[in-house]
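**Q** Provided herewith is a single structure, encoded as structure tokens, for subsequent inquiry.
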Amino acid sequence: MEVFMRGIPFSMEQTQLKELLASVFHSPTYSLSDPRPLNFDVRIHRRHTKSGTKTGIITVPTVLVGERFLRDYGNNARAGVDVFGAIHFERGMHAPNRRVLNAIREHSYISPTVGPQPTRSTVSVERLQFGWYCTDEQYSVEWEMRFSAQASAELSYDEERRQFQLKANSPAGTTVMAVRLTQVYWAAASPDQSGEPSIFFYLNYPPSFETSPPDPAYLDDDPRLSALSMRFHSLFSGRKVVRRRKAGFDDTHLPIAQSTSIAIRLVCRSTSDIAVFRRLCRTARLQVDASPPPIVHRGLFSEAVRETYKQWAATLGFAVAFQVEAMISQWLTHVKEVVNVIRPVVDDVVSRLGADLASLLLAELRSRLEARVWYGDGVEVDENTTRTLLVTSVHQLRGRQTMPHPDLFYCNHLYITASSMILEGPFVERSNRIIRQHWDNRDCFLRVHFTDDNRLAYRFDSEIDLKELVERRVKRFLLDGVTVAGERFQFLGYSQSALKSHSVWFVRPFRASDGRIIDAAAIIAGLGNFADNPYDPRLIYCPARYAARISQAFSATESSITVAVEDMEIIDDIMDSTGTYSFTDGNGTMSMQVARDIAADQRSKSRVRRAWRMHDGEIPRVMQVRIAGSKGMLHVDHRLEGRKIQLPKSMVKFNAPSNRMEIAQLFEEPSPFYLNRPMIMLLEGLGVPYNVFQRLQDSEVRAAHALTESLSNSGWLLDKYGLGNSFRLPSTILRLHKLGVPLAAFTGNTFWSRMLTFAVNHVLRELKYHARIPVPGGWTLVGVADKHGQLREGEIYARVLTHDGHETYLEGPALVTRSPAIHPGDIQVVRAIGKPPEGSDLALGQLKNCIVFPTKGDRPLPSYFGGGDLDGDMYNVTTVPQDLLPPVQNMPASYTAAQRKYLPRPSEMKDVADFVAEFIISDNVGIIASTWLTLSDKVGIFDPGCLRLAELHNAAVDYPKTGLPVNINEVRPIQRHVREKPDWYKPETTLGRPPEYYTSTSALGRLFRAIDLPDQVERNTESSYFELPEIDEEGGITLEQVLADIRGAPLIHVALLQPVVDEVRRYLPSYAPSERTVTAIWSIFAVYASRLRGICAAHAVSASRSCMLSEEEAIVGTIAAKCAQARKRTDMTAKMREQTATLVNGVCAELSRGGQITSRDHLKLAWVAYRMSCTLSRWFGGQSFGWVALGEIFDAIREINEDSEQESAAAGVRN
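At the far end of the sequence shown sits residue 1215, using UniProt numbering, and the numbering has no gaps.
The following block contains the structure:
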């Protein structure tokens, strides 16, 4: 019989509870004439209730014992309160697990705290099982291997690598299953309910499966993939034998390895092994539960079930099949659940609503399934609840696909890891030339990311054969394609920025409107002529260069005007006297008319707002573009008349048929100048004293803490640090301040306080771990050339105009640099000329927010800064503070032109695939940069080793375009001098055993130690807080409840900001929203909250299955979780901000109806949205939705006032 328990304290361990129950069951009252102590089983559920307590199950051998226990201690009996406190007992609703019941009847009771403590350090394993941890908290065994004396297995803990290792030895070699501490979601160990001593791991992602030495039978038959690895692994080479990773424990495990490898059970040979494991866990500081889950055999991934699923999936369209496979690949459901529960609902929805809408509804279902993982939601997936969910979501999703900009599209993503293939999306992406050319078939394109299982980049490991792994998990797919949801995709290309994050584009063949079959080869062939290229004759023979030119078509851009051939002129570059250097490298010019046409085109496409602002109708004069086979910068030349574009030859990379201009970036606003660690190291080496940096950092720390002192501080500082921009948070807060809303209005608002805490944490973390210190009066500006020769050598011109109208002409000695700065000559002091003379070309050009470099001298000034050019490079410049300008200047580095890797034949896409695979292994920029930084801390920036590293760094930066990697063996001898790391080099978290650190006396060390970084805010994971409002279930909220709340308290709701209410009353004195309006806003919010939750789920840097970004992190635009790879969090933060900006813009487009309604109607919709957000403030998305609505309220009021002013002016003219 089962007895159900509720109210178990959060802090109570299972062993404690079992001992407490034993004091009752082992009393004479329950002896039942048996001299042996009564045996029973206790299991505490892992899922918490909303009150924070836990539930559990007691299994007793007979109904008689259970009934007696409930009489004595159930139904709030006084004895129960005295013994068990707040724990309540009641009859269980389910029959006991048969295996558990038999075990407690057949075996004697064993105390969980009794037993000898063995001294050995390995655990003997008898059986290894992979399976599925079910929602009823039982473990379904899906695969098993038994070990023997001839093929034994032992579990140990490697403290150096911070991982558990199961080593299975056999005559064929050793197989290792490695589980890092960071990937353990939870673990349990004890004799289970049947008496078997077992260990259970539930992981965030699959373990690493490794073999050593290589098994020849495991090598791929494809000689392209195996030859290099065989040479690398030759046992006769004298090199250390390394292990090879694979996707499963052995070949029999492979078919279900991805789905079953996160739930692992080890059956030990004796109970003493459990004691050994617990001691290892204490060493590792890993908490271990007392009891593994009971086991069952449900055949969730049996061959028959998989075959049934395969046949059904083949009948689905790609969009629907993708969503179904995404659920399975993300461990949100198992195949049997899909076949028995989800399949009939999907078939019904597809037949009634069509595949497109069905795929959107399945994405909603996937979001709901994620709740089972992230929030401990106990929702069971059955056919009825699935059908209800999908049907009730139809009216909310139908027609809610509005894009705030026509150059955005929904894109599916695939992550190919060392052991898995995980589908995600679709997510909103900026389009590129290729996508726009094939817009009607944009769903045929796929973003593919190559990462390790923890979603971080592959890293060098001396014990793992990285080359073999990359050939098998990267190169194979690049060469042969990948099958996703039944469709075969081919490798297509990448953008240069995406290459650095190991992300590429794939495409599946499709039929164009003219009947042609378009595949990857056809798309590449249509890009242009790479073979007979007058601008780079040997381009086609260099795979990296060839791929770099193809990548121009994959840069994220926005389409613009079409340029007639006669309007474009190819001109010579301005060269130095020797013809070696180009002063206009990558920089062309355009007439004012072209700029006007581009501005008009961009405005016509922006339904609400864009990422950039156009000040009072001003025309953008500086932009980064792509035109046909050309790339680089264009700025307005006031001398050009009509519609004219002049492209220097350095901009033209190849001939291409397209003549449509594409905008990569408009430079309308200046960016602030931030110091970083390499800059500070260089500046200190060039004579800038520590107190200069300290003063700047102390000022920023004070400013960060002042962020919470007033609304004006909050708005101004968030804007300064670039936080909250996706939600227009800074401007909205400043408008509230201007309206007279006091800071006290947010007293007790947990969301507000957590939001600002995340912002402060972000600023302080950037200071501590990156020395990212803002320079007052400093700017980061794009570089352009002084085409008309107004500037002398060593001079620059910069006019800065901020969005609030403040204008500055930089004048006097100016520090100029560019990231990455690594050579002493990468920082220079030049002369800023200030305001140019009236009537001069510089004055007439009216260029702003760019730095104009001279076209005179022995060498272009941009080339001083790490070989910079003018195709879009950003430069840091400041004239203040004066003591930041170094008293010592060094000659810039002068590196020879980068050599390229050429083939004796024209390059093909298979050569590009070879290069991508090699790049993942050989990209050493980060290693070189970090070695330079740590060596400089010890020996100074002028040490020969540092200067050599600067030279190698320059070559490594050019690697994506030259194809020649820097041999890591050139760095290793220098690394020997920096075995001990400075204390400022400590990462936030580490994957392995941390190295030894010394206390650095450099400016970086002192700045690092001066920052006291508080612990990140603990997240509230209370289930009810995150429920989607469209789910009408216990604890949920319905549209009817929202309507009742709005009708019951239309203007005096407790969550409303009274000044906002008063302001809206001025324009809508008697407005009462209709049910239709409230329903429409409800629908907008439901989709918004769902998509925001999807963004938060997709952009968590932690691999933990319970980790997800909070709503506060999303609105601020930061990620608080620690990450071992800083670049990972930087990339994820940028993507998250882009996704949330698109989402917010879409909501704004809905509330303004794309500008197709009056300003007052716009205000009405915005007001209802804000009013609804107050009702929904306890639900995920409600608070941030309110901030979006507030911004729209202010926009609508501004529009009303502008309309009124225009009407008054027009009336004045008539009179």
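Virtual Cβ for every residue (Gly too), placed ideally from N, Cα, C.
If you check the beta carbons only, do Asp289 and Arg46 fall under 9 Å apart?
**A** Their beta carbons are under 9 Å apart, which means Asp289 touches Arg46 by this criterion.
**Q** Does the Cβ-Cβ distance between Ile974 and Leu935 come in under 9 Å?
**A** Cβ atoms of Ile974 and Leu935: closer than 9 Å.
**Q** Kindly provide the ranges of any alpha helix (DSSP H) runs that are 4 or more residues long and lie completely inside the segment 479-533, ordered along the chain.
**A** Complete alpha helix (DSSP H) runs here, min 4: 496-500 and 520-525.
**Q** Would you mind stating whether Asn762 and Tyr797 have Cβ atoms separated by less than 9 Å?
**A** The residue asked about is misnamed: residue 762 is His in this sequence, not Asn. Contact: no.
**Q** Report yes if the CB atom of Tyr30 is closer than 9 Å to the CB atom of Phe69, and no otherwise.
**A** Yes, these two residues count as a Cβ contact at 9 Å.
**Q** Buried or exposed: where does Asp514 fall if 16 or more other Cβ atoms within 10 Å of its Cβ makes it buried?
**A** Asp514 is exposed by the Cβ-count criterion.
**Q** Assuming contact is defined by CB atoms lying nearer than 9 Å, are Lys500 and Ala913 in contact in what I supplied?
**A** Against a cut-off of 9 Å, the Cβ pair of Ala913 and Lys500 comes out as no contact.
**Q** Would you mind listing the alpha helix (DSSP H) stretches within the segment 822-890 that are 4+ residues and don't spill past its ends, in chain order?
**A** Listed in chain order, they are 841-845.
**Q** Tell me where the beta strand (DSSP E) around Arg430 begins and ends.
**A** Segment Met421 to Arg430, the beta strand (DSSP E) holding Arg430.
**Q** I'd like to check one pair, Ile1197 with Glu1063: are the Cβ atoms closer than 9 Å?
**A** Against a cut-off of 9 Å, the Cβ pair of Ile1197 and Glu1063 comes out as a contact.
**Q** May I ask which residues mark the beginning and end of the alpha helix (DSSP H) holding Lys787?
**A** Segment: none, Lys787 is in no alpha helix (DSSP H) and carries neither H nor E.
**Q** Between which two residues does the alpha helix (DSSP H) carrying Pro1059 extend?
**A** First-last of the alpha helix (DSSP H) with Pro1059: Gln1058 to Tyr1067.
**Q** Mark Gly592 as exposed unless 16 or more other C-beta atoms lie within 10 angstroms of its C-beta, in which case mark it buried.
**A** Gly is not the amino acid found at residue 592; the sequence shown has Met there. Under this definition Met592 is a buried residue.
**Q** Mind checking Phe409: buried by the 16 CB within 10 Å criterion, or exposed?
**A** Counting Cβ neighbours within 10 Å, Phe409 comes out buried, since at least 16 surround it.
**Q** With burial defined as no fewer than 16 other Cβ atoms inside 10 Å of the residue's Cβ, what is the status of Arg511: buried or exposed?
**A** Label assigned to Arg511: exposed.
**Q** Fully enclosed by the segment 742-795, which alpha helix (DSSP H) runs are 4 residues long or longer?
**A** If we require 4 residues or more, the alpha helix (DSSP H) runs fully inside the segment 742-795 come out as 750-770.
**Q** Could you tell me whether the Cβ atoms of Asp637 and Met568 are closer together than 9 Å?
**A** No.
**Q** What residue range is occupied by the uninterrupted beta strand (DSSP E) comprising Thr175?
**A** Its beta strand (DSSP E) spans residues Gly173 to Arg180.
**Q** For Asn655, write down the residues that DSSP places opposite it in a beta bridge.
**A** Its beta-bridge partners are Asn529.
**Q** Answer with buried or exposed for Ile1119, where buried requires no fewer than 16 other C-beta atoms within 10 angstroms of its C-beta.
**A** The residue is buried, with at least 16 neighbouring Cβ atoms inside 10 Å.
**Q** Going along the chain, which residues of its own chain have a beta-carbon closer than 8 Å to the beta-carbon of Gly481, five neighbours each way excluded?
**A** Result list for Gly481: Arg488, Phe489, Gln490, Phe491 and Phe506, in chain order.
**Q** Taking the alpha-carbon of Ala149 as reference, which of Gly299, Thr135, Ala168 and Met5 has the nearest alpha-carbon?
**A** Answer by Cα proximity: Ala168.
**Q** Ordered along the chain, which non-local residues of its own chain (more than five positions away) have a Cβ less than 7 Å from that of Ala745?
**A** Cβ within range, chain order: Leu1057.
**Q** Report the three-state DSSP secondary structure of Asn1145 (helix, strand or coil).
**A** Here Asn1145 sits in helix by DSSP.
**Q** Out of Ser1152, Arg1091 and Ala1126, point me to the one whose CA is closest to Ala1141's CA.
**A** Residue Arg1091 is the option with its Cα nearest to Ala1141.
**Q** Does the contact criterion of 3 or more C-beta pairs under 8 Å hold for the segment 269-286 versus the segment 118-137?
**A** At 8 Å Cβ cutoff, the stretches touch.
**Q** Between the C-alpha atoms of Phe277 and Asp461, what's the straight-line distance to the nearest angstrom?
**A** One C-alpha to the other measures close to 26 Å.
**Q** Quick check: the segment 87-97 against the segment 2-12, are at least 3 beta-carbon pairs closer than 8 Å?
**A** Judged by Cβ distances under 8 Å, the segment 2-12 makes contact with the segment 87-97, as three or more pairs qualify.
**Q** Give every residue of the same chain whose Cβ lies closer than 6 Å to the Cβ of Lys246, excluding the five residues on either side of it in the sequence, and list them in chain order.
**A** Counting only Cβ-Cβ distances below 6 Å, and skipping sequence neighbours, we find Phe209.
**Q** Which residues share a DSSP beta bridge with Arg127?
**A** Looking at the DSSP assignment, Arg127 forms a beta bridge with Arg146 and Val267.
**Q** Checking the sheet assignment: what are the DSSP bridge partners for Gln665?
**A** Note: Gln665 sits in a beta bridge opposite Gln624.
**Q** Under the DSSP definition of a beta bridge, which residues are partnered with His953?
**A** None; His953 has no bridge partner.
**Q** Which of the three DSSP states, helix, strand or coil, is assigned to Tyr535?
**A** Coil, per DSSP.
**Q** Between the beta-carbon of Leu781 and the beta-carbon of Val800, is there less than 9 Å?
**A** Result yes, Cβ atoms of Leu781 and Val800 sit closer than 9 Å.
**Q** Which one of Thr562, Ala172 and Gly868 has the shortest CA to CA distance from Ala785?
**A** Among Thr562, Ala172 and Gly868, the Cα nearest to that of Ala785 is on Gly868.
**Q** Kindly indicate the opening and closing residues of the beta strand (DSSP E) around Trp186.
**A** Val184 to Pro191 is the extent of the beta strand (DSSP E) around Trp186.
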